[in-house]
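Asker: Residue numbers (UniProt numbering), protein chains in the order written: chain V, 1 to 218; chain U, 1 to 218. Every residue, glycine too, gets a C-beta built ideally from N, C-alpha and C.
There are 2 protein chains.
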Amino acid sequence: MISHTEENYLKALFAITWQKGSASVNEISKHLDIKMPTVNSMMKRLAEKGLVKYESYKPLRLTEAGKKQAALIIRKHRLTEMYLVEKMGFGWADVHAIAEQIEHIQSEAFFQKMDEQLGFPTVDPHGSPIPDSEGNFVPNSYLPLTSCEPGDTVQFMAVQSSSEDLLRFLSSKKLSLGTKMDVLAIEKFDHSVSIRYGKQETLTLSCLVAQNLLVKPS
Amino acid sequence: MISHTEENYLKALFAITWQKGSASVNEISKHLDIKMPTVNSMMKRLAEKGLVKYESYKPLRLTEAGKKQAALIIRKHRLTEMYLVEKMGFGWADVHAIAEQIEHIQSEAFFQKMDEQLGFPTVDPHGSPIPDSEGNFVPNSYLPLTSCEPGDTVQFMAVQSSSEDLLRFLSSKKLSLGTKMDVLAIEKFDHSVSIRYGKQETLTLSCLVAQNLLVKPS
DNA sequence: CTTAGATGTTAGAACGTACTAATTCGTTTC
DNA sequence: GAAACGAATTAGTACGTTCTAACATCTAAG
């Protein structure tokens, strides 16, 4: 059996591998705010359980079994976020901490009911894909707003980071998923991006914000 | 702060005190299926935290703070059960194990939303009262079916025990909360109770079952 | 090629939660 | 009132998860 704690390590390992291609003890340590020796020994434990490939001083990798486990946890997390937003009326900035806890609930039936009632969603409230019940992941292929050209018309499809502050900022500017926007300008100087959207609002987004908005051509 | 584990001990202590008037190390040990020495040391720990009054070889008691904590956990448990039945479509026999886990979620907002969406219910799916958000308990005053007389007409208001087997049995007989029933006979021999209800179904309930059906005069 | 600094690992300790074995206390019965 | 039995407690152990301190390895800069 796999503990609550072990699940968090798997999830971190999966997320870091996803973003950066590989994962190190140091990165997991920072990601979970847990000291390196603790992470190190946990990696060995997960290796014993056949979920992680561990070799001294080498990058960490998940085994296939580990990947599946991790994807299933992420599935539960994202289904929960979707449920909290769609069925319970939470805002997209307020669901992460709750979902972090509920994802560890041990009950297939519980998550199955969520899935049914939501109509088997494929993305969560932040636009991230929800793995299927086998742990298969269909990554989306959206591009950051910073990679657009002036004149492009695009649709806001997902956020890269689910930072609470970013989400609150976007809400306050009425920028929600699905919003169509025209790219007016991209400043050479600071890479900030000016857009027009909705009822002709125009807005200039810092590079950091724009990097976190994933869009598709519209 | 109070851990998941500590919450379970408080809840057990509260439940046993509720039923039997007082609680002993031995009773908690059986209730939680945890050995006595473990219970003993936990009781000391909870005493240090001001939640339990502990004196060697004396019955255990909750302090006022402990009672409130316990009632608030029970509140979360029962709200959750109600939510699972009313909003997610679970049967009343299937919610206990899930609620046991969800009751430990740390988020006021989460349980508040449940409460709102349920319209501030005062009883759970088994007819047990839900403490208010201050931890105040309004006990119901229903009587077991065994205390009725032949000729009485009563309404089924709550179950005493939430045993999964009992609940499944009642479901299979279409006996749900709110059902009105006529008491036809009570056998002197084995204290079994015969009732008529619904579309003129008649049924004889063993003493053990009848003891667990709480009713009020109708 | 050597070395400084970052990263990884080992060793040892602490705390929470559980256990078994052994001992003490309290009560009931002769 | 002493024996016997169940309940409670103490002592010592184990395991999961965390830490700090010390040591080892890797890598990038000179």
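With distances taken from CA atoms, which of U:S56, U:D124, U:Q117 and U:A23 is nearest H77 (chain U)?
Answerer: Looking up residue 77 (chain U) in the second sequence gives position 77. It is U:D124.
Asker: With respect to 8 Å, is the separation between the Cβ of S133 (chain V) and the closest non-hydrogen atom of the ligand NAP below this value?
Answerer: Of the ligands one can find in the structure shown there are none, so the ligand NAP has no counterpart to examine.
Asker: Does the beta-carbon distance from V183 (chain V) to T153 (chain V) come in below 9 Å?
Answerer: Counted from its first residue, the first sequence places residue 183 (chain V) at position 183. Counted from its first residue, the first sequence places residue 153 (chain V) at position 153. Contact: yes.
Asker: Could you tell me the boundaries of the beta strand (DSSP E) in which D182 (chain U) lies?
Answerer: Position 182 of the second sequence, counted from the start, is the residue given in the question as residue 182 (chain U). That run of the beta strand (DSSP E) goes K180 to I186.
Asker: Would you list the one or two residues that DSSP bridges to I2 (chain V)?
Answerer: On the first sequence, position 2 is the one that residue 2 (chain V) refers to. Answer by DSSP bridge pairing: none, since I2 (chain V) is not bridged.
Asker: For the beta strand (DSSP E) that residue 243 (chain V) lies in, which residues bound it at each end?
Answerer: The requested residue 243 (chain V) is not part of the displayed model; chain V covers only 1 to 218.
Asker: Could you give the distance in angstroms between the alpha-carbon of T146 (chain U) and the alpha-carbon of F156 (chain U)?
Answerer: Along the second sequence, one-based indexing puts residue 146 (chain U) at 146. Along the second sequence, one-based indexing puts residue 156 (chain U) at 156. T146 (chain U) and F156 (chain U): Cα-Cα distance of roughly 12 Å.
Asker: Looking at the secondary structure, which residues open and close the beta strand (DSSP E) in which V154 (chain U) lies?
Answerer: Taking the first residue of the second sequence as 1, we reach residue 154 (chain U) at position 154. From DSSP, the beta strand (DSSP E) with V154 (chain U) extends over T153 to V159.
Asker: Give me the residue from U:E86, U:L205 and U:K173 with the minimum Cα distance to G198 (chain U).
Answerer: On the second sequence, position 198 is the one that residue 198 (chain U) refers to. Among U:E86, U:L205 and U:K173, the Cα nearest to that of G198 (chain U) is on U:K173.
Asker: Measuring alpha carbon to alpha carbon, tell me which residue in V:L143, V:A158, V:Q101 and V:E27 is nearest I130 (chain V).
Answerer: Taking the first sequence and counting its residues from 1, one reaches residue 130 (chain V) at position 130. Selected option, being the one with the closest Cα: V:A158.
Asker: What alpha helix (DSSP H) runs, 4 residues minimum, are completely inside the UniProt domain "HTH dtxR-type" (1 to 63) of chain V?
Answerer: DSSP runs (the alpha helix (DSSP H)) wholly in the UniProt domain "HTH dtxR-type" (1 to 63) of chain V: 4 to 20, 25 to 32 and 36 to 48.
Asker: In chain order, what residues of the same chain have a beta carbon less than 8 Å from the beta carbon of Q160 (chain V), not counting five sequence neighbours either side?
Answerer: Your numbering for residue 160 (chain V) matches position 160 in the first sequence. Once the five neighbours on either side are set aside, the close Cβ partners of Q160 (chain V) are P144, Q211, N212, L213 and L214.
Asker: Report yes or no: is there a C-beta of chain V within less than 9 Å of the C-beta of A185 (chain U)?
Answerer: Your numbering for residue 185 (chain U) matches position 185 in the second sequence. Judged by the 9 Å Cβ criterion, A185 (chain U) is not in contact with chain V.
Asker: Opposite T204 (chain V) in the DSSP bridges: which residues?
Answerer: Counted from its first residue, the first sequence places residue 204 (chain V) at position 204. Bridge partners of T204 (chain V): V:S194.
Asker: Quick one: is L84 (chain V) near chain U, going by C-beta distance under 9 Å?
Answerer: Here residue 84 (chain V) refers to the residue found at position 84 when the first sequence is read from its first residue. L84 (chain V) counts as touching chain U.
Asker: Give me the residue from U:P139, U:A71 and U:I102 with the minimum Cα distance to L51 (chain U).
Answerer: Along the second sequence, one-based indexing puts residue 51 (chain U) at 51. L51 (chain U) has its Cα closest to that of U:A71, out of U:P139, U:A71 and U:I102.
Asker: Under 9 Å between the Cβ atoms of L60 (chain V) and S24 (chain V)?
Answerer: As a position in the first sequence, residue 60 (chain V) is number 60, starting the count at 1. As a position in the first sequence, residue 24 (chain V) is number 24, starting the count at 1. Closer than 9 Å, so yes.
Asker: Going along the chain, which residues of its own chain have a beta-carbon closer than 6 Å to the beta-carbon of K180 (chain U), five neighbours each way excluded?
Answerer: Within the second sequence, the letter at position 180 stands for residue 180 (chain U). Q155 and S218.
Asker: Using CA atoms only, rank isn't needed, just tell me which of U:A99, U:S22 and U:H4 is closest to Y54 (chain U).
Answerer: Your numbering for residue 54 (chain U) matches position 54 in the second sequence. Checking every option, the nearest Cα to that of Y54 (chain U) belongs to U:S22.
Asker: Residues of chain V with a CB under 8 Å from the CB of Q200 (chain U): which are they?
Answerer: The count along the second sequence starts at 1 and reaches residue 200 (chain U) at position 200. Chain V residues near Q200 (chain U): none, gap ~35 Å exceeds 8 Å.
Asker: State the DSSP-derived secondary structure class of L213 (chain U), mapped to helix, strand or coil.
Answerer: Here the question's residue 213 (chain U) lines up with position 213 in the second sequence. If DSSP states are grouped into helix, strand and coil, L213 (chain U) belongs with the strands.
Asker: In the structure shown, what three-state DSSP assignment does V123 (chain V) receive?
Answerer: For the purposes of this step, residue 123 (chain V) is identified with residue 123 of the first sequence, where counting begins at 1. In this structure, V123 (chain V) counts as strand in the three-state DSSP scheme.
Asker: Of all the CB atoms in chain U, is at least one closer than 9 Å to the CB of S3 (chain V)?
Answerer: Numbered from its first residue, the first sequence carries residue 3 (chain V) at position 3. With 9 Å as the cut-off, S3 (chain V) does not count as an interface residue toward chain U.
Asker: Can you pull the chain V residues whose beta carbon is under 8 Å from the beta carbon of S107 (chain U), in chain order?
Answerer: Counting from one through the second sequence, the residue named residue 107 (chain U) turns up at place 107. What S107 (chain U) touches in chain V: A97, I98 and Q101.
Asker: Quick check on the burial criterion: 16 or more other C-beta atoms within 10 angstroms. Buried or exposed for M82 (chain V)?
Answerer: Position 82 of the first sequence, counted from the start, is the residue given in the question as residue 82 (chain V). Flag for M82 (chain V) reads buried.
Asker: Should D165 (chain V) go down as buried or exposed, given a rule of 16 or more other Cβ atoms within 10 Å for buried?
Answerer: Counting from one through the first sequence, the residue named residue 165 (chain V) turns up at place 165. With fewer than 16 Cβ atoms within 10 Å of its Cβ, D165 (chain V) is classed as exposed.
Asker: Nearest by alpha-carbon distance to V138 (chain V): which of V:A65, V:S3, V:K49 and V:I74 is it?
Answerer: Numbered from 1 along the first sequence, position 138 holds the residue referred to as residue 138 (chain V). For V138 (chain V), the nearest C-alpha among the options comes from V:I74.
Asker: Just mark H4 (chain U) as buried or exposed, buried being the case when its beta carbon has 16 or more other beta carbons within 10 Å.
Answerer: Along the second sequence, one-based indexing puts residue 4 (chain U) at 4. Flag for H4 (chain U) reads exposed.
Asker: Quick one: what does DSSP say residue 236 (chain V) is sitting in, helix, strand or coil?
Answerer: The requested residue 236 (chain V) is not part of the displayed model; chain V covers only 1 to 218.
Asker: Under 9 Å between C-beta atoms, does F110 (chain V) make it to chain U?
Answerer: Translated into the one-based positions of the first sequence, residue 110 (chain V) becomes position 110. It does; some Cβ of chain U falls within 9 Å.
Asker: Once the 5 residues before and after I102 (chain U) are set aside, which same chain residues still bring their CB inside 7 Å of it?
Answerer: For this step, residue 102 (chain U) is matched to residue 102 along the second sequence. Here the set comprises T80.
Asker: If we ignore side chains and look at the alpha-carbon of each, how far apart do S171 (chain U) and Y9 (chain U) end up?
Answerer: Walking along the second sequence from the start, residue 171 (chain U) turns up at place 171. Walking along the second sequence from the start, residue 9 (chain U) turns up at place 9. Each residue's Cα considered, the two are about 31 Å apart.
Asker: May I ask you to list, following chain order, the residues of the region 115 to 140 of chain V that have a beta carbon less than 8 Å from some beta carbon of chain U?
Answerer: For the region 115 to 140 of chain V, which is checked against every Cβ of chain U, the residues closer than 8 Å are Q117.
Asker: Counting only beta-carbon atoms, is D33 (chain U) nearer than 9 Å to chain V?
Answerer: Position 33 of the second sequence, counted from the first residue, corresponds to residue 33 (chain U). By this cut-off, D33 (chain U) is not an interface position.
Asker: Taking only beta-carbon positions, decide if M181 (chain V) is within less than 9 Å of chain U.
Answerer: What you label residue 181 (chain V) is simply residue 181 of the first sequence in a count that begins at 1. Output row for M181 (chain V): interface = no.
Asker: Measuring alpha carbon to alpha carbon, tell me which of V:V209, V:D115 and V:E86 ends up nearest S133 (chain V).
Answerer: What you label residue 133 (chain V) is simply residue 133 of the first sequence in a count that begins at 1. If we check each option's Cα against that of S133 (chain V), V:D115 comes out closest.
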